[in-house]
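Quick note: to get the working numbering, add 1468 to the position in the sequence shown (first position is 1).
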Amino acid sequence: MSAKIFAAAGLLGVALLGTAGWFGGVTYTRIRGEEVIDGLREQIREFLHEDGGGQDLALRNSESTGFASVRHLYQLTGPVEAGLVADYSFGLGTADARLSLDEDTVKAWCGGSPELCSLIRKTAEGFTAHYNGFADTLEASVILPEAAVPLTGMILSLGGGRIETVRALFSPATQDEATRLVLTSLKVTDPDGHEDLVLEDLHLGVQVFSPGAMEISMDLKNFATDLAPVKAALEGFRIRGGVVPSSLGKKDRYTVTLTMDLDRGRAEQPGGKAAEDYEISGTGLTLRLANLNYAELVWRCAGAGRPDRLLSGSDMSSCIDSMSPPERREALLTLLEDTTEIHLSFRSALNGSKVAFSGRLGFRPGTDFTDAGSLVEGLTAEGDLSLDASVFRLPQYGLGTLEEEMRSMAREPGSGVYDYHIEFRGGHLNINSKQMM
């Protein structure tokens, strides 16, 4: 009997220790979760203040709804007013959140439209977030509902979708962030049912790495617009881009890449001139800017010691846009140095006539980018261009006046395809080994 009593006591002790551990773990997670919540709110407030629009996000009230749950009421103030309700629940090393708008905010935003009220309410309620305390990562998502909303003179129809974000929070070595948008469809129709704009199967993605690197992607199955006088359509449109530290290993040197592909695009000429419509197919473009020097531009825009997030933020573009034209030219020239290279390739069929180009641009060692003469003398470039002769007889592209000159410079003027090898060195331009300047 004593053995059974000891065994029972042992099991009870394990259970009590496990229960105490669980309570302690959840309590710690709640404390840590509250710190994360406060930290994120401060980051949001800083972002709103940087914009200069007078927006702020204040914690209006907080109430415990249980041992492992809490409700926070937030107030967004400024030009845009909103009351936000956030319900948090905590587990062992995890925290989950759900968001909703108070009913006064929904009514203020939807202007009395039942359909718009429903869309705003469902979109807010479709927000969820999950915090993993062991990995220190936050995952958030918004489910976009299907909806048809009457607006002034049109109907906006959404086919549903979602927005997902994964972010490493406060670990200094890993500050990665990935965001993805999927939109099934979007349509704008007039009251008679005519489709003014159609978008189908859109995928957008952005991933930011540390330090100073990012990738972007976009995939679009179909896009069409029929708003007089423009009628155009795209099929199979894809974009990939990125910024990574230069392979040279120097500080503040980066390489930017961009690729675009289009299966088919079409635009109709006003007035029913079908023979002069634009149609492109099999289109691909690749651009690579290697070894750009961001040091001077970052210093001009933010001062010494700012983090590399300027590479992927809107503040860099805003800074450049705020410059006068002479200042902008001078600042952008600081991106270049004698190790900088630009690679470009392009291919397409314009109404069936094929065109293709591939080339590289670089600079001689010692080029002075502040001096126009040295810049021209130090510039080196070469490339290959190929054109179907038929492209000059397509009136919509307006190349007919160039055909005679382009044929005379072609490698084989009598063929149906005009080929050119282009070189620029020491201020001299050569096409197919003939000096042009």
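We put the CB at the ideal spot given by N, CA and C, even for glycine.
Those residues which DSSP pairs with residue 1724 across a bridge: Taking the first residue of the sequence shown as 1, we reach residue 1724 at position 256. Paired residues: 1711, 1757.
Taking only three categories from DSSP, how would you classify residue 1875? Start at 1 with the first residue of the sequence shown, and residue 1875 comes out as number 407. Looking at residue 1875 - three-state DSSP - the assignment turns out to be helix.
Mapping the DSSP letters down to three states, classify residue 1536 as helix, strand or coil. The count along the sequence shown starts at 1 and reaches residue 1536 at position 68. Correct three-state label for residue 1536: coil.
Rounded to the nearest angstrom, what separates residue 1699 and residue 1736 at their Cα positions? Taking the first residue of the sequence shown as 1, we reach residue 1699 at position 231. Taking the first residue of the sequence shown as 1, we reach residue 1736 at position 268. Straight through space, the alpha carbons of residue 1736 and residue 1699 are spaced by roughly 6 Å.
What do you get for residue 1662, buried or exposed, if any count of 16 or more other CB atoms within 10 angstroms of its CB means buried? Position 194 of the sequence shown holds residue 1662. That one is exposed.
Do residue 1629 and residue 1612 have their CB atoms nearer than 9 Å? For the purposes of this step, residue 1629 is taken as residue 161 along the sequence shown, with counting starting at 1. For the purposes of this step, residue 1612 is taken as residue 144 along the sequence shown, with counting starting at 1. Yes; because the gap between Cβ atoms is below 9 Å, this pair is in contact.
If you draw a straight line from the alpha carbon of residue 1658 to that of residue 1649, how long is it in whole angstroms? Position 190 of the sequence shown holds residue 1658. Position 181 of the sequence shown holds residue 1649. When rounded, the distance between both Cα atoms is 26 Å.
Using the Cβ count rule (16 or more neighbours within 10 Å means buried), how would you classify residue 1780? The residue labelled residue 1780 in the question sits at position 312 within the sequence shown. In this prediction, residue 1780 scores a pLDDT of 46, lower than 50, which makes its location untrustworthy; the coordinate-derived value is nonetheless stated afterwards. Burial is judged here by how many other beta carbons sit within 10 angstroms of a residue's own beta carbon; residue 1780 has at least 16 and is buried.
Can you have a look at residue 1855 and say buried or exposed, based on whether 16 or more other CB atoms are within 10 angstroms of its CB? What you label residue 1855 is simply residue 387 of the sequence shown in a count that begins at 1. Buried, since its Cβ has 16 or more Cβ neighbours within 10 Å.
Within the continuous beta strand (DSSP E) that includes residue 1616, where are the two ends? On the sequence shown, residue 1616 is found 148 positions in, with the first residue counted as 1. In the DSSP assignment, residue 1616 falls within the unbroken beta strand (DSSP E) covering 1605–1619.
How far does the beta strand (DSSP E) with residue 1689 in it extend, from its first residue to its last? Counted from its first residue, the sequence shown places residue 1689 at position 221. Here the beta strand (DSSP E) through residue 1689 covers 1681–1695.
Helix, strand or coil at residue 1586 according to DSSP, with G and I counted as helix: Here residue 1586 is taken as the residue at index 118 of the sequence shown, counted from 1. Here residue 1586 sits in helix by DSSP.
Cβ atoms of residue 1898 and residue 1887: under 9 Å apart, would you say? Position 419 of the sequence shown, counting from 1, holds the residue named residue 1887. Position 430 of the sequence shown, counting from 1, holds the residue named residue 1898. Result no, Cβ atoms of residue 1887 and residue 1898 do not sit closer than 9 Å.
Rounded separation between residue 1627 and residue 1654 - CA only: Along the sequence shown, one-based indexing puts residue 1627 at 159. Along the sequence shown, one-based indexing puts residue 1654 at 186. Taken atom to atom, the span from the alpha-carbon of residue 1627 to that of residue 1654 is near 6 Å.
Three-pair Cβ contact test at 8 Å for the region 1830–1849 versus the region 1805–1817: yes
If we ignore side chains and look at the alpha-carbon of each, how far apart do residue 1769 and residue 1797 end up? Position 301 of the sequence shown, counted from the start, is the residue given in the question as residue 1769. Position 329 of the sequence shown, counted from the start, is the residue given in the question as residue 1797. Going by the C-alpha atoms only, they are around 14 Å apart.
Secondary structure at residue 1645, three-state DSSP: helix, strand or coil? Here residue 1645 corresponds to residue number 177 of the sequence shown, with the count starting at 1. Correct three-state label for residue 1645: strand.
Let's test the definition: count the other Cβ atoms within 10 Å of the Cβ of residue 1869 and tell me whether it reaches 16, buried, or not, exposed. Here residue 1869 refers to the residue found at position 401 of the sequence shown. Exposed, by the Cβ-count rule.
Leaving out five residues on either side along the sequence, give the residues of the same chain with a beta carbon under 7 Å from the beta carbon of residue 1816. The residue you call residue 1816 lines up with position 348 of the sequence shown. Result list for residue 1816: 1748, 1750, 1751, 1823, in chain order.
Could you check what DSSP says for residue 1478 in three-state terms: helix, strand or coil? In the sequence shown, the residue the question calls residue 1478 occupies position 10. A caution first: residue 1478 carries a pLDDT of 37, below 50, which makes its placement in the model unreliable, though a value can still be read off. Of the three classes helix, strand and coil, the one that applies to residue 1478 here is helix, per DSSP.
Which residue's Cα is closest to the Cα of residue 1541: 1500, 1548, 1569? To locate residue 1541, count along the sequence shown from 1; it is residue 73. Its Cα nearest to that of residue 1541, the residue 1569 stands out among 1500, 1548, 1569.
Taking just the CA atoms, how far does residue 1583 sit from residue 1549? One-based indexing of the sequence shown puts residue 1549 at position 81. One-based indexing of the sequence shown puts residue 1583 at position 115. Roughly 21 Å separates the two Cα atoms.
Could you check the C-alpha separation between residue 1669 and residue 1716 for me, to the nearest Å? Within the sequence shown, residue 1669 is the residue found at index 201, counting from 1. Within the sequence shown, residue 1716 is the residue found at index 248, counting from 1. Between residue 1669 and residue 1716, the C-alpha separation is close to 39 Å.
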